[in-house]
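Asker: Structure incoming, see below.
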Amino acid sequence: MDHVQAVQRVCAYYLAALAVANEYIVRDGAGGPPPPPNGTSQVETPPMESRTAALGWLENERPNVLACIREANELALHDLVIRLAAAMAPFLRQAGPWDQAVGLHRTAAQAARHTGDQRALAGALTELGVVRRFMAAYPEATEALNEAVTQYEAVGDRRGKADALNQVGIVWYLTADNDAGARAQTEALALYRELGDRHGQANSLADLGMVRRQTSRFDASVEAQSEALSIYRELGDRYGEANSLRDLGIVHCLMGEYALATQRQREAFDIYKELDDRVHQAYALNELGVVQRLTGDLDGAREAHTQALEHYSDLGDRFGRANSIRHLGVLDRLSGDAPTAIRVLEEALEAYRDLGSRGGEAASLSELGVARGLVGEQDGAVAAFRQGLEILRELGDRCGEAEMLNHWGALLRMSGDLAAGRGRFEQALELARDVRCPLETARALEGIGRCDWMLDGPALAEGPLREAVTVYRQLGVSASADDIERLLVSQAG
């Protein structure tokens, strides 16, 4: 009995201390973990007067808290196990190690099954699903989150159900099941609106914006993400604000608004740095690198992607790491090292397939097709384009489809099959104009013009080429515009 009481006292201390720490850790505007049990308010807690102090205390005490939970579990103190796991969840989401977090939330779920507490079980399963998503274990994440939805439904907890739907919707977005992702976020949004939960509304709107962006519905994406950003700012949620800024930056990049895209990514990065969130700093760096590459700053892009890769490797984020590797492979190709590009892109492709990321797989295949074409592997290039196009059409990513058709058209043009190449460029132009993707519009116009130049002579080619120059100049893609103008001047001379 004395031992049980001693463990209970230690658990009460940690619950009280974690409640203080979580005041600094839990996102502003978000719901926190369950309150500590009655009686812990009399417990003397360590001084924590800032987020930095709270994180430092948590880092130091993590082994002791986890040992305390193990001891409580062995003594069948199920309620304490559940509460301590929930109280540690915000920190473990951010700091990991995620394999420890998985073990903790499984233990909490088991304790909840012992007590028959369905709400606690749903909460533990939600946390388990979130951490599994971070680890890119998507089938396991989906299984845990779907069970959480069912458990929340059984106890009539609409907010919990909305939270679990929001989280499983993110998993479906990451695995490019866009229809399922949109359904989950729309259902979660409706629940949050019924409940008057502003923070939940912002989360669902932000994640719905990402699904819309992934299906090339850029205006609808900006609309949803901007509404989310407004709510996050209203609530003072800096983390949510940074996430929305980062995704808006991605959409602005796809729409060819590179200055605005750069601004949004830098704003997001600064907030992530302020929050000491290295995972999301890396995501912002990767997106910043993409804009730098598209505007001709290849050295800056390489620096950004390399820095992001170091962060991801340290943290064990396999999806982020695959993204950085793919972007570095594109830079290898643009720098004239096609063999290295092929090796790097094949590594990224294997990682995406291992993770079940269809969007990443398609993007890698698109770039692999280009690189293989550069070393004369025509059949391998065409095979990559065919596989990639099939995936992109399944996903509804029309901007990605236009990019791949432009790559394929360039391969055919360079190999002398001008009529077939022009056909690919025409398909790309129709898609790019339809979704308002100006970079791919310019690339398609340039491709059509260059094919016409060889097929029918400069007179017919001049129209699409000058139109391409105009779009490239608007985008600030000077190198491509300069190349075309040199071609036109050579003919005039």
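Going by numbering that gives the first Met the number 0, the sequence shown opens with residue 0, and the numbers climb by one from there.
For glycine and all other residues, C-beta sits at the position ideal for the given N, C-alpha and C.
Remember, predicted model here, so these are calculated numbers, not experimental data.
(1) Indicate the three-state DSSP secondary structure (helix, strand or coil) for Ala135 in the structure shown.
(2) Which of the three DSSP states is assigned to Glu240 in this structure?
(3) Going residue by residue through the stretch 65-134, where are the continuous alpha helix (DSSP H) segments of at least 4 residues, counting only ones entirely within it?
(4) In terms of residues, what are the limits of the alpha helix (DSSP H) holding Gly422?
(5) Cα separation between Tyr471 and Leu438?
(6) Please report the Cβ distance between Cys67 and Tyr13, rounded to the nearest whole angstrom; I am assuming they are in contact, meaning their Cβ atoms lie under 8 Å.
(7) Considering only the alpha carbon of each residue, which of Gly199, Ala94, Ala303, Phe384 lies closest to Arg371?
(8) Measure the Cβ-Cβ separation of Leu394 and Ala361 and say whether it is below 9 Å.
(9) Find the nearest neighbour of Arg421 within the set Trp171, Arg432, Arg442, judged by alpha-carbon distance.
(10) Give the DSSP-derived three-state secondary structure of Ala175 in the structure shown.
(11) With DSSP run on the structure shown, which of helix, strand or coil describes Val25?
(12) Contact between the stretch 221-237 and the stretch 195-211: three or more CB pairs below 8 Å?
(13) Have a look at Thr149 and Lys160 and give me their C-alpha separation to the nearest angstrom.
(14) Just curious, the alpha helix (DSSP H) that Met413 is in, first and last residue?
(15) By the three-class DSSP mapping on this structure, what secondary structure does Glu186 have?
(16) Going straight from the alpha carbon of Ser261 to that of Lys272, what length do you get?
(17) Starting from the C-beta of Arg352, find all residues in its chain whose C-beta is less than 7 Å away, skip the five residues before and the five after it, and write them out in chain order.
(18) Within 10 angstroms of the Cβ of Gly239, are there 16 or more other Cβ atoms? Answer buried if so, exposed if not.
(19) Return the chain-ordered list of same chain residues with a C-beta closer than 7 Å to the C-beta of Ile483, the five sequence neighbours on each side being excluded.
(20) Would you mind working out which of Cys252, Arg397, Val488 sits nearest Gly475, comparing C-alpha positions?
(21) In the structure shown, what three-state DSSP assignment does Gly235 receive?
(22) Using three-state DSSP, classify Val381 as helix, strand or coil.
(23) Less than 6 Å between C-beta atoms, sequence neighbours within five positions excluded: which residues of the same chain meet that for Val134?
(24) Below 6 Å CB to CB, which residues in the same chain sit around Ala29 once its five sequence neighbours on both sides are set aside?
(25) Going by DSSP in three states, Arg442 sits in which element: helix, strand or coil?
Answerer: Let me lay it out:
(1) coil
(2) helix
(3) 77-94, 97-114, 117-133
(4) Segment 417-434, the alpha helix (DSSP H) holding Gly422.
(5) C-alpha separation (whole angstroms): 7 Å.
(6) 6 Å
(7) Phe384
(8) yes
(9) Arg442
(10) coil
(11) coil
(12) They touch, by the three-pair rule.
(13) So the two alpha carbons sit approximately 8 Å from each other.
(14) 397-413
(15) helix
(16) First, the amino acid is wrong: residue 261 is Thr here, not Ser. Approximately 16 Å, taken between the alpha carbons.
(17) Glu360
(18) It is buried - the Cβ of Gly239 has at least 16 other Cβ atoms within 10 Å.
(19) Within the same chain, Ile483 has close Cβ partners Glu445, Leu464, Ala467, Val468.
(20) Cys252
(21) Here Gly235 sits in coil by DSSP.
(22) Note: Val381 maps to helix in three-state DSSP.
(23) Checking the displayed sequence, the identity of residue 134 turns out to be Met instead of Val. Trp97.
(24) Model confidence at Ala29 stands at a pLDDT of 49, short of 50, so the residue's coordinates are unreliable and nothing is read from them.
(25) helix
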